[in-house]
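> One structure follows; several queries about it will come next.
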Ligand SMILES: NC(=O)c1ccc[n+]([C@@H]2O[C@H](COP(=O)([O-])OP(=O)(O)OC[C@H]3O[C@@H](n4cnc5c(N)ncnc54)[C@H](OP(=O)(O)O)[C@@H]3O)[C@@H](O)[C@H]2O)c1
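Residue numbers (our numbering): 321 to 578.
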């Protein structure tokens, strides 16, 4: 069966590689982002390499009505979404009280609110058809508080919780919700979030390997997937048992710049 996926944040990084991977499997794609030129470039590449149809939608997911507009476009075009990949997101660096609140509000809108809205809009059709997959791209940041990235870590914690709760509600149906939690990945995320100089990204994995790992976890219907084994062990078996104050110190240190 050929599935059509909707991928947010397909103009770069992990989302772009997920689009390439999905296309290589012969699936049509609806790609969403603000950078319309990049989306058109990728559409040309994928349509010339594979026998698929790519639709691009220019959308700023920090706008309150963006998810409804995206849904209206796919509905009026008669495009059935079988796979929803909520990947778009961004971070930011600095003490919360010193940061621009407007940026953190936009971050919450993109990382959480639009993600929830898109899930609500597309999940209903999936449940009615008893077929579909949702992949939420969260982060290992979703497992702990993140001093110097307080709002970003909290948005990712929200996604980790939200996706798993939905997954449980969907048991018994043929619809799954997977949350993907990558560690550091070498993408535009670092520049977009002003994270240059943070050591955590010195040994970052590639966007392609992260994308394939997350996509395959979604295909299997995994509840939650961390792309790095060691990191997964630490987050599941060390972090929950550390005294809070020690954990917070370690977490802050990891976010400090060189
Ligand atoms: N890189 C990492 O180390 C890392 C680690 C864990 C989790 N993640 C998560 O992985 C996801 C993808 O990030 P990435 O690493 O691939 O970063 P990236 O290369 O910066 O890509 C982010 C994508 O999100 C889109 N986006 C950002 N703001 C948007 C907005 N207002 N409206 C619509 N689209 C928007 C961007 O598109 P436009 O700019 O064209 O709009 C871009 O396509 C994010 O959710 C991120 O939190 C990343």
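Where is the CB? At the ideal position from N, CA and C, for every residue including glycine.
No experiment lies behind these values; they were computed from the predicted model shown.
Just how far apart, CA to CA, sit residue 565 and residue 429?
Position 245 of the chain shown, counted from the first residue, corresponds to residue 565. Position 109 of the chain shown, counted from the first residue, corresponds to residue 429. If you take the alpha carbons of residue 565 and residue 429, they lie about 29 Å apart.
> Smallest Cα separation from residue 425: which of 390, 446, 388, 474?
As a first step, residue 425 is located in the chain shown; it is residue number 105 there, counting from the start. Selected option, being the one with the closest Cα: 474.
> Looking at the unbroken alpha helix (DSSP H) that takes in residue 434, where does it start and where does it end?
Along the chain shown, one-based indexing puts residue 434 at 114. Its alpha helix (DSSP H) spans residues 434-449.
> Among residues of its own chain, excluding the 5 on either side of residue 386, which ones have a beta-carbon nearer than 7 Å to its beta-carbon?
Numbered from 1 along the chain shown, position 66 holds the residue referred to as residue 386. Once the five neighbours on either side are set aside, the close Cβ partners of residue 386 are 379, 380, 434.
> Out of 391, 527, 484, which one is the CA nearest neighbour of residue 445?
Indexing the chain shown from 1 puts residue 445 at position 125. When each option's Cα is compared against that of residue 445, the closest is 391.
> Residue 324 bridges to which residues according to DSSP?
Taking the first residue of the chain shown as 1, we reach residue 324 at position 4. Beta-bridge pairing links residue 324 to no other residue.
> Can you list, in chain order, the residues of its chain with a C-beta nearer than 8 Å to that of residue 367? Leave out the 5 residues immediately preceding and following it.
As a working mapping, residue 367 is identified with position 47 in the chain shown. 373, 374.
> If you drop the 5 nearest sequence neighbours on each side, which residues of the same chain put their C-beta closer than 7 Å to that of residue 507?
On the chain shown, position 187 is the one that residue 507 refers to. The residues are 332, 333, 334, 527.
> State the Cα-Cα distance for the pair residue 321 and residue 501, rounded to the nearest angstrom.
What you label residue 321 is simply residue 1 of the chain shown in a count that begins at 1. What you label residue 501 is simply residue 181 of the chain shown in a count that begins at 1. Any answer about residue 321 is weak, because its pLDDT of 46 lies below 50 and its placement is not dependable; what the coordinates show is given next. Spanning the two alpha carbons is a distance of roughly 27 Å.
> Whole angstroms is fine: what's the gap from residue 512's alpha carbon to residue 338's?
Your numbering for residue 512 matches position 192 in the chain shown. Your numbering for residue 338 matches position 18 in the chain shown. Near 19 Å, if we compare the C-alpha coordinates of residue 338 and residue 512.
> Is any heavy atom in ligand 1 found nearer than 7 Å to the beta carbon of residue 410?
By one-based count along the chain shown, residue 410 stands at place 90. At least one heavy atom of ligand 1 is nearer than 7 Å to the Cβ of residue 410, so yes.
> Taking residue 544 as part of the beta strand (DSSP E), name the residues at either end of that continuous run.
By 1-based counting over the chain shown, the position of residue 544 is 224. Residues 544-546.
> Can you tell me the Cβ-Cβ gap for residue 457 and residue 495, rounded? I've got them flagged as a contact below 8 Å.
As a first step, residue 457 must be located in the chain shown, where it is residue number 137. As a first step, residue 495 must be located in the chain shown, where it is residue number 175. Going by Cβ atoms, the distance from residue 457 to residue 495 rounds to 18 Å, so no, they are not a contact pair.
> For the stretch 354-369 and the stretch 542-561, state whether three or more C-beta atom pairs, one from each stretch, are separated by less than 8 Å.
The stretch 354-369 is not in contact with the stretch 542-561.
> Please report the straight-line C-alpha distance between residue 289 and residue 348, rounded to a whole angstrom.
The question about residue 289 has no answer here: the residues shown for the chain are numbered 321 through 578.
> Residues bridged to residue 406 by DSSP?
Locating residue 406 in the chain shown gives position 86, counting from the first residue. DSSP, once it has assigned bridges, lists 456 as partnering residue 406.
> Any chance the CB of residue 509 is under 7 Å from a heavy atom of ligand 1?
Translated into the one-based positions of the chain shown, residue 509 becomes position 189. Under cutoff, so the answer is yes.
> Short of 8 Å in beta carbon distance, which residues of its chain neighbour residue 451, apart from the five on each side in sequence? Order them along the chain.
In the chain shown, residue 451 corresponds to position 131, counting from 1. Excluding residues within five positions, the ones whose Cβ falls inside 8 Å are 402, 494, 495.
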